[in-house]
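FYI, in the numbering used here the residues of the sequence shown are 1 to 454.
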Amino acid sequence: MIALDLLSFLQDYLNIPRVPNPLQPDLRSASLAFEDPSAFRVKSFGELLRALGIFRLCSFPLLVNNSGKLMSVARTLLGRRGFSLLLRPTIYAQFVAGENESEISQSMEKLSMLGLRPMLAVPIEEDLGESTGEKRYDDNMEAMLECVQISHSKAWSKDPMMQLKITALISPELCVKLTTLMAEQPYDLNLLVRAMDGESINFPGLDDREVAHFLCGLQRLNKIAEASVNKVRVLVDAEYTYMNPALSLVTMAMMKKFNKDGTWIWNTYQCYLKESRSLLLEALQLSNNEGFFLGVKLVRGAYMDKERKLAEKEGRQDPIHQCWEDTNDSYNSLLDVMLEAISQKPECYRIIVATHNEESVRQTAKRMEELGIDNDGGSVCFGQLLGMCDHVSLTLAKEGYAVYKSVPYGSVDDTLPYLVRRAQENRTVLQGIRKERDLLRKELYRRLSLRRGS
Ligand SMILES: Cc1cc2nc3c(=O)[nH]c(=O)nc-3n(C[C@H](O)[C@H](O)[C@H](O)COP(=O)(O)OP(=O)(O)OC[C@H]3O[C@@H](n4cnc5c(N)ncnc54)[C@H](O)[C@@H]3O)c2cc1C
Numbered sequence: 001m002i003a004l005d006l007l008s009f010l011q012d013y014l015n016i017p018r019v020p021n022p023l024q025p026d027l028r029s030a031s032l033a034f035e036d037p038s039a040f041r042v043k044s045f046g047e048l049l050r051a052l053g054i055f056r057l058c059s060f061p062l063l064v065n066n067s068g069k070l071m072s073v074a075r076t077l078l079g080r081r082g083f084s085l086l087l088r089p090t091i092y093a094q095f096v097a098g099e100n101e102s103e104i105s106q107s108m109e110k111l112s113m114l115g116l117r118p119m120l121a122v123p124i125e126e127d128l129g130e131s132t133g134e135k136r137y138d139d140n141m142e143a144m145l146e147c148v149q150i151s152h153s154k155a156w157s158k159d160p161m162m163q164l165k166i167t168a169l170i171s172p173e174l175c176v177k178l179t180t181l182m183a184e185q186p187y188d189l190n191l192l193v194r195a196m197d198g199e200s201i202n203f204p205g206l207d208d209r210e211v212a213h214f215l216c217g218l219q220r221l222n223k224i225a226e227a228s229v230n231k232v233r234v235l236v237d238a239e240y241t242y243m244n245p246a247l248s249l250v251t252m253a254m255m256k257k258f259n260k261d262g263t264w265i266w267n268t269y270q271c272y273l274k275e276s277r278s279l280l281l282e283a284l285q286l287s288n289n290e291g292f293f294l295g296v297k298l299v300r301g302a303y304m305d306k307e308r309k310l311a312e313k314e315g316r317q318d319p320i321h322q323c324w325e326d327t328n329d330s331y332n333s334l335l336d337v338m339l340e341a342i343s344q345k346p347e348c349y350r351i352i353v354a355t356h357n358e359e360s361v362r363q364t365a366k367r368m369e370e371l372g373i374d375n376d377g378g379s380v381c382f383g384q385l386l387g388m389c390d391h392v393s394l395t396l397a398k399e400g401y402a403v404y405k406s407v408p409y410g411s412v413d414d415t416l417p418y419l420v421r422r423a424q425e426n427r428t429v430l431q432g433i434r435k436e437r438d439l440l441r442k443e444l445y446r447r448l449s450l451r452r453g454s
């Protein structure tokens, strides 16, 4: 109900007409069939086999549900080196660009040649109980600054982007505490902006040690944002519900400080959350009231299993929509809210439609046509993960849309939580992976019959 009121308010405020979608014939969006197996012609025979093998393994629920435990047992039995030898040519090679600059460069060049834009991601993250120390967070900041520099200097694509996880820079424990405090008393964004500017703020509700760590964390984020303004767009990832409000608070403060003349800092909205609609509408309202540009990464959400288990354990209501169809409705309706806002004020809003779902992609293309939004005007782009649904990415790029491939890099150890999530995701991203498997198989048979024929 609150979300509906807020939507009406925003529609009036932004002058968005409350009319049903005009019935226009499909134009370019109709050609997005995603059936073209030529997307896989650029892959070597080994890469085709690897992808097929990994997607097949990801279809066994027992294996996927226990992938975290299995990986940690394998790491203990094989040792660090042995484990790395096992993972590097298989799941790591499928989903991660590499560890050093030369490996990353190779992967980025390949994407660039295919018309895709690489979006680097340093997948360092922490959950509760894994907190390291201030030194480790400073090292992570250096890694992110290097990521800004690599994204910018190599000129792999127009409008470079990168992803950032706040829990690599501020401890998850503090993010959880801030989330709890914010439920009682919202924090003023200006306090955080002043702390980023170097003022020694005394945040209410935190003890001296926590205040000191928060100030250091905000300074780290400030440095990364300063390095990226006018160069690289920084997309902040969404994580778990028990810390997301704090992550959003910090991200909004960064937007207030750095998004005055352009959309340099972006936030992520997870549509599997029941509250996602109200969160996005509040962000639109805040950006209007505070006068900053809003960049939105729209995703369905990657932490479903853990969120559900935790809610059940704590006797809370499940924060996730009841079924995939409800998540899908939520995704498509928030997509529409953003596209309409963009069509009204194209300079103020940006969206990356971060999904492998063909229907959502097609709907975006269709609405862009209806609303007169340019394919490559900069306000709407698409995002998929490295190693997933290349047929979607390449078809879109061929049709002239801006498509980013999220490219994680780092050591096997650092990317492990990311790899576990990819394995789990390949179970939930059912339709996309099934299609990808069929297309991979077609390409494999095509090559085998060519060999037989010659
Ligand atoms: C560029 C990029 C950046 C991303 N960044 C983030 C991020 O910052 N934070 C984050 O959380 N995720 C992120 N993701 C992952 C994303 O949230 C999804 O997990 C992933 O993209 C799969 O969703 P889909 O829309 O591609 O596929 P689809 O197949 O359409 O949908 C699968 C998704 O639907 C949801 N779902 C599945 N089953 C159910 C069910 N029974 N009930 C309710 N919902 C269900 C889940 O979210 C699942 O991942 C990112 C993805 C991309 C491509």
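Every residue, glycine too, gets a C-beta built ideally from N, C-alpha and C.
Sub-8 Å separation of residue i and residue j beta-carbons
i	j	result
Ser-113	Met-162	The sequence shown places Met at residue 113, rather than the Ser named in the question. In this structure, Met-162 does not lie closer than 8 Å to Met-113 by Cβ.
Ser-228	Val-234	yes
Leu-178	Leu-63	no
His-321	Ser-333	no
Leu-191	Phe-203	yes
Trp-324	Gly-295	no
Met-196	Leu-169	no
Tyr-409	Val-96	yes
Phe-40	Glu-443	yes
Val-211	Lys-256	no
Secondary structure of residue i, DSSP reduced to three states
i	result
Val-122	coil
Pro-232	The residue asked about is misnamed: residue 232 is Val in this sequence, not Pro. Three-state result, Val-232: coil.
Lys-435	helix
Ile-201	coil
Pro-22	Any reading at Pro-22 needs caution, since the residue's pLDDT is 41, under 50, leaving its predicted position unreliable; the model's value is listed next. It is coil, neither helix nor strand.
Asn-332	helix
Arg-81	helix
Thr-268	strand
Gln-185	coil
Ile-342	helix
Val-403	strand
Val-96	coil
Val-148	helix
Gly-299	According to the sequence displayed, residue 299 carries Val and not Gly. Three-state DSSP puts Val-299 in a strand.
Pro-417	helix
Ile-279	The residue you asked about is not Ile; residue 279 is Leu in the sequence shown. Leu-279: helix per DSSP, three-state reduction.
Tyr-240	coil
Rounded separation between residue i and residue j - CA only
i	j	result
Leu-23	Ile-352	Low per-residue confidence applies at Leu-23: pLDDT is 39, beneath 50, and the placement is therefore not dependable, though the value from the model is reported in the following sentence. The straight-line gap from Cα to Cα measures roughly 25 Å.
Asp-318	Val-176	18 Å
Asn-21	Ile-104	Confidence in Asn-21 is poor, its pLDDT being 43 and thus under 50, which makes the residue's placement too unreliable to answer from.
Lys-165	Asp-139	14 Å
Leu-394	Ala-365	15 Å
Met-388	Leu-181	38 Å
Gln-363	Glu-282	24 Å
Glu-307	Leu-450	48 Å
Asp-390	Gly-378	22 Å
Ile-373	Thr-263	17 Å
Ser-157	Arg-80	35 Å
Leu-335	Thr-251	20 Å
Leu-145	Lys-154	14 Å
Ser-406	Ala-93	14 Å
Asn-244	Ala-238	6 Å
Tyr-303	Arg-452	45 Å
Ser-287	Leu-85	48 Å
Tyr-240	Leu-448	45 Å
Gln-455	Arg-117	Residue 455 is absent from the model: the chain starts at 1 and stops at 454.
Ser-72	Pro-123	18 Å
Spatial neighbours of residue i in its chain, beta-carbon cut-off 8 Å, leaving aside the 5 residues before and after
i	result
Asn-15	Because the pLDDT of Asn-15 is 46, which lies under 50, any placement of that residue in the model is unreliable, and the number read from its coordinates should be weighed accordingly. Within the same chain, Asn-15 has close Cβ partners Gln-344.
Asp-26	Note on Asp-26: pLDDT 49, under 50, position unreliable in the model; the coordinate value appears next. For Asp-26, where only same-chain residues beyond five positions count, the Cβ hits under 8 Å are Lys-366, Glu-369.
Leu-6	Note that Leu-6 has pLDDT 48, beneath the 50 cutoff, so the model's placement of it is unreliable and the number below is only indicative. Closer than 8 Å at Cβ, skipping near neighbours: Ser-278, Leu-281, Glu-282, Gln-285.
Ile-91	Ile-54, Leu-419, Arg-422, Ala-423
Leu-52	Arg-437, Leu-440, Arg-441, Leu-444
Leu-339	Ile-351, Thr-364, Arg-367, Met-368, Leu-371, Ile-373, Val-380
Cutoff 6 Å; reference residue i; Cβ partners in own chain excluding five residues on either side
i	result
Val-232	Val-148, Ser-151, His-152, Pro-160, Met-162
Leu-430	Annotation note: pLDDT 49 at Leu-430 (below 50); position unreliable, coordinate value reported separately. So the list is empty, once near-sequence residues are dropped.
Asn-375	Gly-400, Tyr-401
Pro-37	Leu-439, Lys-442, Glu-443
Gly-115	Ala-397
Cβ-based neighbour list, residue i, same chain, cut-off 7 Å, excluding 5 preceding and 5 following
i	result
Ala-354	Lys-297, Leu-298, Val-299, Gly-383
Ala-311	Gln-317, Asp-318, Pro-319
Leu-57	Leu-63
Identity of the residues DSSP links to residue i by a beta bridge
i	result
Ala-354	Gly-383
Met-162	Leu-120, Val-234
Ile-320	Leu-273
Pro-408	Ala-121
Leu-294	Tyr-349
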